[in-house]
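Here the protein sequences line up with chains W and U, keeping their order. Numbering-wise, this note's numbering comes out as the position in the first sequence, counting from 1, plus 1157. Numbering-wise, this note's numbering comes out as the position in the second sequence, counting from 1, plus 1157.
Protein chains: 2
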Amino acid sequence: MKILHGNAIVGQSGGPTAAINATLAGVIRGALDEIAAGGAIARLYGMRNGVDGLLREEIVELDALFAEDPAALDRLALTPAAALGSCRRKLPAADTENEAEVMDKLFAILEKYDVRYFFYIGGNDSMDTVAKISAYAEKKNYPIRVVGVPKTIDNDLIGTDHTPGFGSAAKYIAVTVQEILRDTAVYTVPAVTIVEIMGRDAGWLTASSALGRLVTGFEPDLIYLPERAFSYEEFYADLKEALSRHPNVVVAVSEGIHLADGTFVGEGTQSGAVDAFGHRYLAGTGKALELAIKAEFGCKVRSIELNLPQRCAGHLVSATDIEESLEVGRSAVAAAVSGVSREMMTIQRVSTEPYAFTIGHEDIFEIANQTKYVPDEFINERGNHVTDRCLIYLLPLIKGELYPAYADGLPCHWILK
Amino acid sequence: MKILHGNAIVGQSGGPTAAINATLAGVIRGALDEIAAGGAIARLYGMRNGVDGLLREEIVELDALFAEDPAALDRLALTPAAALGSCRRKLPAADTENEAEVMDKLFAILEKYDVRYFFYIGGNDSMDTVAKISAYAEKKNYPIRVVGVPKTIDNDLIGTDHTPGFGSAAKYIAVTVQEILRDTAVYTVPAVTIVEIMGRDAGWLTASSALGRLVTGFEPDLIYLPERAFSYEEFYADLKEALSRHPNVVVAVSEGIHLADGTFVGEGTQSGAVDAFGHRYLAGTGKALELAIKAEFGCKVRSIELNLPQRCAGHLVSATDIEESLEVGRSAVAAAVSGVSREMMTIQRVSTEPYAFTIGHEDIFEIANQTKYVPDEFINERGNHVTDRCLIYLLPLIKGELYPAYADGLPCHWILK
C-alpha cells in the first residue's frame, strides 16, 4: 500500500452522545501523533456541523487548536454532545438528479484543503454518508481514504459488538433506575412508576435498566422492548401480578413499543387524549401508559421520561465506554494511514469474563442502513423482561467511572468558540 | 438543665432527597458517640415510614445495625431517598376528635421503648408533626426532647439560610442544564427546549439552572418562577427575541408557574388538550408550553421534565450539601442532649466569600407551615430571569463533588432489609 500524503478532516453527525467527543479526541490524538512523526498526515481539520458545515466551508483548524493546549484534549474527551456540532443531512443517492451538484461541491472543498483522510463519527445515517462519499470518490478517481467511526447510544449498528456511546448511556440509565427504585420504595401506598427510555427500534437501552439484577438484586418489575408486540391486556395482567407482590412497581419501557398492528403506544390511542383540534395527542409512551393505568387500576401512577440526559449526561460515564471510544478514534487514524478505506471501525469482544476487546473494521457497504435488534435469547418468553444472558452481555460495558474536572461546582467542558 | 436519660428514635418523612440519608447518618453518628461515651442516650431506634410506621410499632435497632458495621454509615450518607422509608401522614390537630386516640397510642409506644429523644427529618409537613408531638408531650407532661431536622430540595423553609438536600438537587439541575445546553447547541435549525423543574410554590431549584452564568458563561435564555404571574403574551415576545439572537433557545420553568388568575400553566388551558371524556388534560407544565409554542411558532420544540432524578440523583451530589446535612444531624443530637426541644435545626450563613456557616436552631412553632419564596431582588424586572445576586447566594451550595462507591458499574447503596 503506497503512502497517501495530505490532510485529514473529521466531522460529527447524528444525535449527540456522552462519548462522541471521546472518539473525536481519539482521532485528534491519532492525527497529532502522525503529524508530529512527520507521517502521511500534514494537517487536521474539523468540519462544523458535519457535511452540512463542510458544504458551507465551515472548517476549523483542529491541529492548531489542540497542539497549543494539550490538556484541552482530556477535557474534550469528557465533554458531552458533539463539540464540532452535528447535522442530519442525507447526501443525495448515486445517480440522482442533484448528486453531481452536491457531491462536486463537497469534493471541490476537500480538494481545496488537500483532504486525503476523511473521518466521520456517527450512527446509521452517518455511515450512509461515509458510503456515499466513498463511492463518489471512486467514481471520480479522487484519492481519499474514508473511514466511518461509529457512535450511537442505541447500540443498533451491525458488524460491531456494541457501539461507542452506548455504554455511558446504559450506565446512566442503570444507575438512575437504581436511584428511582430507592426513591419509589419509600412509601407504602400502592403505586406504579413508568420509566420511558430511548429506543425507537431496538431495546438495548431499556434492557440496561435491569442490570441491577446482577449487582444489587434490584431491578424494574417489568420491562417491555420494541422487539416484541405490546399488548395492553397482557400488560394489565403482568401489572396486577406485580402489585400483588409489593406496593411499589417500577416498569421500564422503550419509547418505541407498539401494538401488534404497528401502532405506537406513544400515539396514545388507548388513553384517548386529543388536542384542541381533535388530533390524537402525542403525549409520549410513558404518559400514555400512565393514563391507561390510571383508568384501569385507579392507583397512584407516575411516568418518568429519561429524555435527553440519557445521551448527554457527561457527569456520569462508563470508563469502559470512554476508553473504547478514544481507542476507536485513534485506531481509525492508524487504519486509514495504513490503507483502510470504505470501512467502519468496529469493536470485537474477545472475552466477557474478564472483559477484553480488539478494534477492527468492516466494509461500510455491508453495514450502512441496517439495524441490530435485541436477539430473542435476550428476552424472556412472556416478553416482559430480559434474560440473564442479556445482562451478562451488557454488564462489562457500564463498568468503571470517569468524572469530568469541576470548577466552582460545575463541570469543565471543552467548548468550540 | 438536668440530664435526661433514655433512648432516642429517629424518623424520615416527606419527599425523599439525595441528602436526607446523610442527615440520618449524622443523627446515627451523634447518637452512637453519645452511647459510646455513656452519656444521656442509651439506645438509638429508627421508625420505618415515619410516624406511620411508629404507630404500627415498626421499629429498627439502628444502634446495633451500625455499631457492627461502621463503614455502612459512609455508604448510607451517599445513598439517595429515605433509607428508613417515609410517609405523608398528618397528625391530628390539637383538641380535635381523634387527637387523643392517635397521640396516646403514639406516646404509649414511645414510653414502651423509653424514648426521651425524638428526631424527625423532613420538610414543612414534617415540622408540623414535630410541633404537634412537642405540644402533646407538654400537655401530658411526658419528658421528651423533640427536634426537627430540616430537609427539602425545595429550599422553602423559613428560619434557615437554606435546607439540607437543596444543594444537591440544585447541583444536579445546574449540571444537567449545562449538559442540555451542550446537547441542544449541536444543530443549526431553530429549536426551543423547555426544561421543567420541580417547585410548586417556590422557584429556588429553577433559579439554580442559571448558575452557569457565574462559571461557564452559559445559561438558559429565559427562566420563569412561580413567584411571578406567567403571561403567554410576554412569553411569546421573550421567545421571539431569544430566537432572533441564536437558533437554540433553552427555557427553564418551575412546574408551579401560573397565570395571573392563578390557573396553573400545567393545566394546559392554552394548549387545549382534553382527554377522551373532554376533561382538561394535565400534561405537565413543560408539555403544555411545548404544545403552545408549536402552535404559535411552528418551530421544532421539545420539553424535558427533570422529574424524580432531581431529588434522588445520589450519583451527583454537592459536597457542601452532604457535609452540612451530616453536620445538621449530628448537631441535632448534641443540641437535644444539651436541653434543646421544640426546635428545628437551622443553617446560618456566616459569610458567602469564602463560604462559611454555623448550625443553629429556631422555635418550631415560628417555622412550621410557612413558605420561603425567592425574594424580589433575586428576580429580574421583566420576570423572565434571575439576578446575579440570586446566583451569588446559590453558588456556594453546589460546590464540591462527592461520589458513592461503585461495584460492577453500579453505586453501593445502603438498603434496610
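Quick reminder that beta carbons are idealized off the backbone N, C-alpha and C, glycines included.
Cβ-Cβ separation, residue j to residue i (assumed contact under 8 Å), whole Å
i, j, result
"residue 1543/U", "residue 1367/U", "5 Å"
"residue 1198/W", "residue 1524/W", "Between residue 1524/W and residue 1198/W the Cβ distance is about 25 Å, and since that is not below 8 Å, they are no contact."
"residue 1364/U", "residue 1382/U", "7 Å"
"residue 1279/U", "residue 1242/U", "That pair is no contact at about 12 Å."
"residue 1412/U", "residue 1502/U", "With a Cβ gap of about 28 Å, residue 1412/U and residue 1502/U do not count as contacting."
"residue 1478/W", "residue 1360/W", "Residue 1478/W to residue 1360/W, Cβ: 19 Å. No contact."
"residue 1264/W", "residue 1297/W", "6 Å"
"residue 1208/U", "residue 1286/U", "6 Å"
Cα-Cα separation, residue i to residue j
i, j, result
"residue 1486/W", "residue 1201/W", "13 Å"
"residue 1507/U", "residue 1515/U", "7 Å"
"residue 1334/W", "residue 1464/W", "13 Å"
"residue 1557/W", "residue 1282/W", "30 Å"
"residue 1459/W", "residue 1567/U", "24 Å"
"residue 1218/U", "residue 1203/U", "6 Å"
"residue 1490/W", "residue 1481/W", "14 Å"
"residue 1196/U", "residue 1189/U", "10 Å"
"residue 1370/U", "residue 1395/U", "19 Å"
"residue 1160/W", "residue 1223/W", "25 Å"
"residue 1350/W", "residue 1271/W", "56 Å"
"residue 1462/U", "residue 1235/U", "24 Å"
"residue 1564/W", "residue 1373/U", "9 Å"
"residue 1532/U", "residue 1358/U", "13 Å"
"residue 1226/W", "residue 1484/W", "20 Å"
"residue 1375/W", "residue 1164/W", "51 Å"
"residue 1312/W", "residue 1245/U", "42 Å"
"residue 1229/U", "residue 1572/U", "10 Å"
"residue 1454/U", "residue 1317/W", "42 Å"
"residue 1390/U", "residue 1538/U", "16 Å"
Residue-chain proximity (residue i, chain W), Cβ-Cβ < 8 Å
i, result
"residue 1345/U", "yes"
"residue 1328/U", "yes"
"residue 1450/U", "no"
"residue 1376/U", "no"
"residue 1332/U", "yes"
"residue 1307/U", "no"
"residue 1336/U", "yes"
"residue 1471/U", "yes"
"residue 1464/U", "yes"
"residue 1369/U", "yes"
"residue 1420/U", "no"
"residue 1236/U", "yes"
"residue 1190/U", "no"
"residue 1590/U", "Nothing about residue 1590/U can be read from this structure; chain U reaches only from 1158 to 1574."
"residue 1402/U", "no"
"residue 1536/U", "no"
Where residue i sits in the DSSP three-state scheme
i, result
"residue 1526/U", "coil"
"residue 1212/U", "helix"
"residue 1263/U", "helix"
"residue 1285/W", "helix"
"residue 1291/U", "helix"
"residue 1298/W", "coil"
"residue 1307/U", "strand"
"residue 1253/U", "coil"
"residue 1548/W", "helix"
"residue 1174/W", "coil"
"residue 1341/U", "helix"
"residue 1433/W", "Residue confidence is low: residue 1433/W scores 46 on pLDDT, short of 50, so the model does not pin down where it sits. Its coordinate-derived value is still stated next. Coil at residue 1433/W, not helix or strand."
Buried versus exposed, by CB contacts within 10 Å (16 or more), residue i
i, result
"residue 1499/U", "buried"
"residue 1585/U", "Because chain U spans 1158 through 1574 in this model, residue 1585/U falls outside it and cannot be assessed."
"residue 1220/W", "buried"
"residue 1302/U", "buried"
"residue 1340/W", "buried"
"residue 1162/W", "exposed"
"residue 1549/U", "exposed"
Neighbour flag for residue i against chain U, beta carbons, 8 Å
i, result
"residue 1556/W", "yes"
"residue 1382/W", "no"
"residue 1547/W", "no"
"residue 1243/W", "yes"
"residue 1373/W", "yes"
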